[in-house]
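Heads up: the sequence shown begins at 6 in the numbering used here, then just goes up one per residue. Beta carbons are placed, not taken as given, at the ideal position from N, Cα and C, and that holds for glycine. Working notes, structure below.
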Amino acid sequence: MQYGSHNVRVGMDIFSSDNHKLGTVDQVFPDHFTLKKGLIFTKDLYIPYSSLSRCEAEKCFLNITKDRIDHMGWYQPPTGPRLGV
């Protein structure tokens with residue numbers, strides 16, 4: 006299944022594949038969503054929908070573990086025009 010902005014809402018909880026809560030969705034865009042910096046991450050995260058493995062009622066899970074997030078390049082916003090959803 007492909008996930009997109011129709012699956013993710015502001016306020017949803019996001020978990021890693023190893024079931025660590027990473028944060029709460031702050032903004033939703035056509036090609037990605039953002040998690041605000043907080044206790045776990047020192048910078049905002051810009052996560053592409055292609056990294057989602059499943060979504061349930063009020064939460065979604067990524068297809069990577071918490072330890073891999075620092076290696077994904079998600080601390081920079083995607084390049085190109087973006088529109089809020």
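Consult DSSP for residue i and reduce its assignment to one of helix, strand or coil.
i     : result
Cys65 : strand
Arg73 : helix
Tyr54 : helix
Thr47 : coil
Lys41 : coil
Bridge partners of residue i, per DSSP?
i     : result
Phe34 : None; Phe34 has no bridge partner.
Thr29 : Asp18
Thr84 : None, per the DSSP bridge assignment.
Closest by CA to residue i, which one among the options?
i     : options                       : result
Thr70 : Gly16, His25 and Arg14        : His25
Ile19 : His76, Ala62 and Met77        : Ala62
Leu27 : Gly78, Val15, Pro83 and Lys42 : Lys42
Val30 : Gln7, Phe66 and Met6          : Phe66
Asp4  : Ser21, Arg14 and Val15        : Outside the shown range of the chain, which is 6 to 90, sits residue 4, and nothing can be said about it.
Gln32 : Gly78, Tyr54 and Thr47        : Tyr54
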